[in-house]
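Asks: Handing you this structure, nothing more for now.
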Amino acid sequence: MAMNKNTVLAWATTIMIVVGLALIALGAFRYEDVAGWGFAAVGIGFFAIAWVFNALKGRV
Numbered sequence: 001m002a003m004n005k006n007t008v009l010a011w012a013t014t015i016m017i018v019v020g021l022a023l024i025a026l027g028a029f030r031y032e033d034v035a036g037w038g039f040a041a042v043g044i045g046f047f048a049i050a051w052v053f054n055a056l057k058g059r060v
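In terms of the UniProt record's numbering, the sequence shown has 59 at position 59, counting the first letter as 1, and numbering is strictly consecutive.
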């Protein structure tokens, strides 16, 4: 399996989505104080970066 730039960006996008979901889940279910908001905010940031990676596929 050859890993070209689009495949690398696809894997990076998938991993970032999984980590973002995990962080949002930690914020929602594990921490019920102010730390939960921080985890959720970082998870949303991971989604934003994954969106950029997805937009870069085919252009880089």
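We treat Cβ as the ideally placed atom computed from N, Cα and C, and that holds for glycine.
(1) Shortest alpha-carbon distance to M16 belongs to which of F53, F39 and V60?
(2) Might you give, ordered along the chain, the residues of its own chain that have their beta carbon closer than 7 Å to the beta carbon of A50, omitting 5 neighbours on each side?
(3) I think G27 touches A40, with their Cβ atoms under 8 Å apart; what is that distance to the nearest whole Å?
(4) One question on the structure: do V42 and L23 come within less than 9 Å of each other, judged by their Cβ atoms?
(5) Just reading off the alpha helix (DSSP H) that F29 is part of, what are its end residues?
Replies: Let me lay it out:
(1) Position 16 of the sequence shown, counted from the start, is the residue given in the question as residue 16. Restricting attention to F53, F39 and V60, the CA atom closest to the CA of M16 is found in F53.
(2) Against the sequence shown, residue 50 aligns to sequence position 50. Counting only Cβ-Cβ distances below 7 Å, and skipping sequence neighbours, we find T13, M16, I17 and G20.
(3) Indexing the sequence shown from 1 puts residue 27 at position 27. Indexing the sequence shown from 1 puts residue 40 at position 40. About 4 Å separates the two Cβ atoms, so the contact holds.
(4) Taking the first residue of the sequence shown as 1, we reach residue 42 at position 42. Taking the first residue of the sequence shown as 1, we reach residue 23 at position 23. Yes. Within cutoff.
(5) On the sequence shown, position 29 is the one that residue 29 refers to. Element bounds for F29: n/a, residue is neither H nor E.
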